[in-house]
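Residue numbers (the numbering used here): 2 to 644. Using N, Cα and C, we set each Cβ at its ideal position, and we do this for glycine too. Being a predicted model, the structure only gives us computed values, none of them experimental.
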């Protein structure tokens, strides 16, 4: 589903005396009675030789507490003392946060931290394990999620018992962009206007917890999958490569080279304001039900409309062109040695599409989805750099001249650095991938618009933005968690560290990457991991129709393993509450009585099937975990990926 766009910790900063009085009363209450606490830790685990930190959160300050690291047999393997000084006040419930260090724990095994004294508590279990066991889990489980997201005939049944769906997409019709309510996706037209078709757009992936399909996010995910396969080389799991090819097969349906047309979307979110037709978001059901829906008002749910980026033959929004061309070019690189004819065909499509980019007068806003607010991207030069750099690498792999595309990529890299730099790797900024590909493609060439040092410096600057944020956060979060996509950005930072270390042959930011893993997998204030199935506490009630409906009605649905959700979000996104459960939803809410105690600093986390704000998984979020795993595994070239 689409994602649309501070309170201060503890005491509410306001001039109102009543607010000050309330906050102070809460603090006074927290200092009375017995002290309690919780330990936040990376619930998946740590590599033997890396920095290991947990956090103890207490209901009032403590002094002189001790902790032990205990193994699965109950034996004490390490002892430590809780620091006397809290690193920060979190909120009124937990005014003290302490760092617990246990670097000396190096032996592989299963452990937990036990705190004794005035506060008595224990952490969840965690492991000390190998790089293959740690990052290989992200990789394999992330691919499992993509398999769940498959649409069309080529589904993978898996644990959620997926069935073929939206087979009518095989003969879909193209429609004119509808008029939409400002700030929403409600359609203002009495009906949609057909402009072409039929076209075959069956297959691909669902974008998120609903059943819409977007070229924008699918291409980004496909780039992440192909790049991950390149990172791993011969160690790349067959399922990873198969999933990348599945994505490209659908993108090849969305790009029509004969008419020079790129389709951008299959389906509509909401229906129209008159109520004469409905959209994807107006019902809660398994996807295969849509093929048998004959209700007149559901005609665009069963027979889903397709929309184009631009009229046939006209220039296309450059952000879309760059990332789709990159996907073709990455496939060509993979095929260059063993399937030269196929690689040449993929390279041809990449080059043809790249030539259609509207760089002279890009549309405003850029084309991503209908409405644009679903995915409000405003940068495109990074995508053009990415597309050109990957085409250059494909040409090099096929022993063709590449200087022209290297120069194009350098041109767009220079333009990006001058006009768009400032974000980190995520759905809206692909520069970390682009810089890495260009640095490889340029080799020792000179007289380009940028140097290798320029690219490395900007990639480092992206990481340092996260490092600075982490230095001021009691849980070392590298990304603000009062905004959207914190989990995606954080996995992106871990991937960027891996890419940076490859380019510089250093391990400069590995301790930062470790701290970000800890935050993602349970070391955050809420103690909930970002990826389903990893660790002991993770989202149980995602806003994901297949996951919600694939089990019995008592809520015992099998896990949608590998799914990564948005994570904590701004508290203001919950001002109108969660709303009612939709008809057909299995009611599911976890931690409703406990999670609010950890909300602070303008952020909130809710594990509830109605909470799209925090609990909806998506392709780009899980793809970020996959690329993070692959880049880190690249640094551990001899790590086995077997379970």
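- Rounded to the nearest angstrom, the gap between the Cα atoms of residue 158 and residue 417 is 42 Å.
- The shortest C-alpha to C-alpha distance from residue 434 to any of 117, 192 and 625 is the one to 625.
- The continuous beta strand (DSSP E) containing residue 196 extends over residues 195-200.
- DSSP places residue 148 inside the alpha helix (DSSP H), whose first and last residues are 132-149.
- Between residue 40 and residue 114, the C-beta gap is smaller than 8 Å, which places the two residues in contact.
- Ranking 407, 496, 131 and 398 by CA distance to the CA of residue 448 puts 407 first.
- In the structure shown, residue 212 falls within a coil segment according to DSSP collapsed to helix, strand and coil.
- Residue pairing by DSSP puts residue 188 in a beta bridge opposite 181 and 273.
- Fully contained in the stretch 469-517 are the following alpha helix (DSSP H) runs of length 4 or more, in chain order: 487-505.
- 38 is the residue among 38, 327, 143 and 76 whose C-alpha sits nearest the C-alpha of residue 94.
- Between residue 186 and residue 270 the beta-carbon gap is near 4 Å, inside 8 Å, which marks them as a contact.
- For residue 97, no alpha helix (DSSP H) segment is defined; the enclosing uninterrupted segment is the beta strand (DSSP E) at 97-102.
- Following the DSSP letters along the chain, one finds residue 394 inside the alpha helix (DSSP H) bounded by residues 382-398.
- Between the C-alpha atoms of residue 431 and residue 460 there is a straight-line separation of about 11 Å.
- When the five nearest sequence neighbours on each side are left out, the beta carbons in the same chain lying within less than 7 Å of the beta carbon of residue 227 are those of 245, 328, 331, 332 and 335, in order along the chain.
- With 16 or more neighbouring CB atoms inside 10 Å of its own CB, residue 254 falls in the buried class.
- Sequence-distant Cβ neighbours of residue 446 in its own chain, meaning closer than 8 Å and more than five residues away, are 404 and 407.
- The Cβ atoms of residue 391 and residue 429 do not sit closer than 8 Å to each other.
- A check of alpha carbon separations from residue 464 across 442, 488, 450 and 423 identifies 423 as the nearest.
- Distance from the CA atom of residue 75 to the CA atom of residue 239, rounded to whole angstroms, is 40 Å.
- Taking one beta carbon from each stretch, the stretch 483-493 and the stretch 518-533 have 3 or more pairs nearer than 8 Å; the two touch.
- Residue 189 has its alpha-carbon roughly 20 Å from the corresponding atom of residue 368.
- Membership of residue 309 in the beta strand (DSSP E) is indicated by the continuous run 307-309.
- Annotated as distal: residue 618 and residue 136, with beta-carbon spacing of 8 Å or more.
- The shortest CA-to-CA distance from residue 546 to any of 58, 394, 611 and 563 is the one to 611.
- Counting along the chain, no beta strand (DSSP E) covers residue 417; the unbroken alpha helix (DSSP H) around it starts and ends at 404-420.
- Taking C-beta atoms as the reference points, residue 616 and residue 540 count as a pair closer than 8 Å.
- Note: residue 256 is bridge-paired with 263 in the DSSP secondary-structure output.
- Annotation: the continuous alpha helix (DSSP H) that includes residue 329 extends over 319-336.
- With respect to the 8 Å criterion, residue 164 and residue 106 are not classified as neighbours on the basis of their beta carbons.
- In summary, residue 401 is exposed, with fewer than 16 beta-carbon neighbours lying within 10 Å of its beta-carbon over all protein chains present.
- Residue 166 counts as buried, since no fewer than 16 other beta carbons sit within 10 angstroms of its beta carbon.
- As a beta-bridge residue in DSSP terms, residue 68 pairs with 81 and 116.
- Residues of the same chain with a CB within less than 8 Å of the CB of residue 175, apart from the 5 flanking positions on each side, are 195, 196, 197, 198, 200, 264, 306, 307, 308 and 309 in chain order.
- Excluding residues up to 5 positions away in sequence, 273, 277 and 278 lie with their Cβ nearer than 8 Å to the Cβ of residue 192 in the same chain.
- Looking from the CA of residue 298, the closest CA among 341, 275 and 311 belongs to 275.
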